[in-house]
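The opening position of the sequence shown corresponds to residue 117 in our numbering, with each subsequent residue numbered one higher. All residues carry an ideal CB built from backbone N, CA and C; glycine is no exception. Input: a single structure, listed below in structure tokens.
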Amino acid sequence: MSEAQAARQPRIDRLLNLIERVGNKLPEPFLLFGLLFLVVAVLSTAIAWFGVAVTIPGDDAATPVRGAFTGAGLEFLFTGMAENFIGFPPLETVVTIMLAVGLAERTGMLTALIRATIGGAPRWVLPYALGLVGVSASVMADSSMIILPPLAALVFKAAGRHPVAGLLGGFAAAGAGYSTSIVVTSLDALFAGISNEVAATLPNPGTMVNPISNYYFNAVSAVLLGLLAGLLIDRLIEPRMWRTGVPSAVADPEQEPSVAVALDPAERRGLVRAGAAFLVALALVLLLALWPGSPLQNSEGAFLPESPLLDSVTTLIFLGFAVPAIVYGALAGTVQRAADVPRLMALAVRELAGFLVLAFMLGQFIALFNWTNLGSLVAVSGADLLRSLQLDGYPAFLGFMVLASVLNLFIISGSSLWTLMASVFVPMFVLVGFEPGFAQAVFRVGDSATQIMTPLNPYMIILLGYLRRYEPNAGIGTLVARMMPFVVPFWLLWALIMTVFYAADLPLGPGMGIHIGR
């Protein structure tokens with residue numbers, strides 16, 4: 117690109133191109149996490165040598181920082197390598213779901229479904245529909261960041277829009293809006309349980325938090341953030357894809373099925389029967405779940421706050437894709453014998469080879485980071501710093517949001533981060549007259565937006581694999597630059613929504629106010 121052409125670029129393009137160039141000078145993800153592994157190993161050893169320990173509120177004893185290059189650390193490194201890899205949290209979810217999604221794609225069911233449903237939808241609606249669906253997709257838990265992006269790319273391509281915009285927009289909406297949803301999710305129950313556990317130790321614990329205590333705040337946030345995501349995809353992300361010449365087709369056309377032709381009779385019959393199979397499977401699951409004494413219920417015969425049913429999201433998604441896909445393939449002719457099912461699944465696993473290699477190194481890094489207790493040290497030290505500033509009222513909430521956003525770059529799990537932060541901030545806010553449910557709602561603002569721009573998010577590695585279908589040379593810098601336009605607007609709008617609720621003293625959900633006793 118000439119200097120004259122570069123000067124004519126929009127300012128936002130020049131800024132994001134700079135971020136992309138700088139970011140792509142980082143090593144390849146495998147080597148990057150290998151270097152980070154060494155940094156954590158050396159740093160933890162140095163800190164442990166000085167006998168540093170962190171006191172987590174609620175624990176009776178201090179938790180010491182453990183060094184990697186100590187006797188216990190070397191034992192952990194040598195004996196835990198295989199377990200760290202196999203136990204890497206996203207691995208079981210990604211591989212299991214991709215077996216079923218890959219089967220649905222290779223039988224032709226996903227492509228046919230998109231072709232059957234996309235024809236009557238106006239093109240301009242797609243980004244906003246994707247934003248609204250993506251922000252509420254956390255009902256599928258982490259699976260939303262695996263399933264939604266490639267499906268969104270196919271939908272955009274079918275409508276004549278840029279598939280990479282759908283790919284990136286689907287991931288950004290699902291990831292940056294993960295802590296909210298227009299429907300109640302298992303995350304709401306999990307957060308409520310953590311909040312109550314901490315509040316119960318206080319003399320005046322305020323109102324007990326339940327899964328719908330933040331529902332009003334969540335519903336408003338989900339709608340507005342979903343519309344914002346659609347606006348960013350439509351007016352910023354997609355135009356930039358066309359301006360900068362990002363390919364709108366994969367390098368190998370065989371990796372992406374055509375979505376331009378009408379359905380033939382066999383495909384229509386296949387979709388009808390696949391839909392019927394899905395409904396039958398759903399009815400059977402509901403029957404099993406609702407049956408008195410069902411093994412999918414918890415000990416109280418319910419599903420919230422925890423139950424085997426809520427722990428079965430991966431299994432339910434697998435069945436939701438695999439059962440209709442097999443029926444569709446049998447009727448459409450893409451599955452002609454039983455052996456075709458594992459063969460098509462094997463093709464899906466083959467595409468995961470790059471992710472499996474990266475998961476090995478990422479699993480070692482995350483396991484070491486957790487084992488050394490550096491995450492706890494960073495979280496509690498950040499909370500102590502914020503408390504030492506002696507902020508009160510709105511400045512304290514704003515500082516809490518910022519701290520959660522910074523820590524979210526390192527501790528991706530929302531439940532883990534809230535466990536650490538709730539133990540400090542729920543008592544801190546309750547003592548000055550604010551409900552535990554309000555502290556929980558404030559945490560949601562800072563919990564999600566920044567996780568879509570950190571390489572420590574394992575689902576970004578999966579997204580990078582999807583993106584490299586279109587841009588083989590894409591790197592971590594490419595992803596960070598493409599996600600940046602979502603992070604800041606999401607954070608600012610979400611903080612503004614919280615500000616309105618706080619200033620107007622609006623209820624956050626049924627029975628949950630902001631101030632204790634009001």
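Check your understanding: Buried or exposed: which applies to residue 631, given that a residue is buried once 16 or more other Cβ atoms fall within 10 Å of its Cβ?
Key -> Counting the other CB atoms within 10 Å of its CB gives residue 631 a total below 16, which places it among the exposed residues.
Exercise for review: Report yes if the CB atom of residue 161 is closer than 8 Å to the CB atom of residue 186, and no otherwise.
Suggested key: Going by C-beta atoms, residue 161 is nearer than 8 Å to residue 186.
**Study point:** chain B within 8 Å of residue 190, Cβ atoms only
**Key:** The structure shown contains no chain B; it is built from a single protein chain.
Practice item. Within its chain, find whatever has a CB closer than 6 Å to the CB of residue 571; leave out the 5 residues flanking it on each side and keep chain order. Key: Hits under 6 Å: 592.
Exercise for review: Give me the Cα-Cα distance between residue 553 and residue 170, rounded to the nearest whole angstrom.
Suggested key: The straight-line gap from Cα to Cα measures roughly 26 Å.
Review point. Rounded C-beta distance between residue 259 and residue 296? I'm assuming under 8 Å.
Key: The Cβ separation is near 17 Å, so there is no contact.
Check your understanding: With a cut-off of 8 Å, do at least 3 Cβ pairs link the region 470-477 to the region 193-213?
Key -> Yes: at least three Cβ pairs fall under 8 Å.
Check your understanding: Which of helix, strand or coil does DSSP assign to residue 544?
Key -> It is helical.
Check your understanding: Cα-Cα, which of 462, 532 and 143 is closest to residue 496?
Key -> Per the Cα distances, 532.
Practice item. Look at the alpha carbon of residue 377 and the alpha carbon of residue 415, and state the distance between them as a whole number of angstroms. Key: Its pLDDT being 46, under 50, residue 377 is placed unreliably by the model, and nothing is read from it.
Review point. Does DSSP classify residue 282 as helix, strand or coil?
Key: Helix.
**Study point:** Residue interval of the alpha helix (DSSP H) (run including residue 487)
**Key:** Annotation for residue 487: the continuous alpha helix (DSSP H) segment containing it runs 469-488.
Exercise for review: Kindly indicate the opening and closing residues of the alpha helix (DSSP H) around residue 147.
Suggested key: 145-165 is the span of the alpha helix (DSSP H), which, as asked, contains residue 147.
Practice item. May I ask you to report which of helix, strand or coil DSSP gives residue 204? Key: Per DSSP, reduced to three states, the secondary structure at residue 204 is coil, with no helix or strand assignment.
Review point. Can you round the beta-carbon distance between residue 448 and residue 223 to whole angstroms, since I take them to be within the 8 Å contact cut?
Key: 7 Å between Cβ atoms; contact.
Check your understanding: Based on Cα-Cα distance, which residue from 401, 318 and 343 lies nearest to residue 609?
Key -> Closest option to residue 609, Cα to Cα, is 343.
Check your understanding: For the region 554-563 against the region 189-196, are there 3 or more C-beta pairs whose distance is under 8 Å?
Key -> Note that the region 554-563 does not touch the region 189-196; fewer than 3 beta-carbon pairs, one per stretch, sit closer than 8 Å.
Review point. With 16 as the cutoff for other CB atoms within 10 Å, does residue 221 come out buried or exposed?
Key: With 16 or more neighbouring CB atoms inside 10 Å of its own CB, residue 221 falls in the buried class.
Practice item. Taking only the alpha-carbon atoms, compute the straight-line gap between residue 398 and residue 436 and give it to the nearest angstrom. Key: The alpha-carbon atoms of residue 398 and residue 436 are separated by roughly 8 Å.
Point to revise | Residues that residue 550 bridges to, as DSSP identifies them | key: Residue 550 is bridged to 631.
Point to revise | Inter-residue CB distance, residue 484 and residue 188 (contact presumed, cutoff 8 Å) | key: About 12 Å; that fails the 8 Å criterion.
Point to revise | Strand pairing of residue 179, partner residues [DSSP] | key: 170, per the DSSP bridge assignment.
Review point. Based on the DSSP output, what are the partners of residue 625 in its beta bridges?
Key: DSSP output for residue 625 lists 628 as bridge partner(s).
Exercise for review: Give the DSSP-derived three-state secondary structure of residue 450 in the structure shown.
Suggested key: In the three-state scheme derived from DSSP, where H, G and I count as helix and E and B as strand, residue 450 is classed as coil.
Point to revise | Residue closest to residue 240, alpha-carbon to alpha-carbon, out of 347, 309, 558 and 491 | key: Nearest option by C-alpha distance: 347.
Exercise for review: Look at the alpha carbon of residue 318 and the alpha carbon of residue 177, and state the distance between them as a whole number of angstroms.
Suggested key: For residue 318 and residue 177, the distance between alpha carbons rounds to 19 Å.
Point to revise | Simplified DSSP state of residue 119, which is helix, strand or coil | key: A caution first: residue 119 carries a pLDDT of 48, below 50, which makes its placement in the model unreliable, though a value can still be read off. Note: residue 119 maps to helix in three-state DSSP.
Review point. Within this structure, are the beta carbons of residue 304 and residue 330 separated by less than 8 Å?
Key: Less than 8 Å separates the beta-carbon of residue 304 from that of residue 330.
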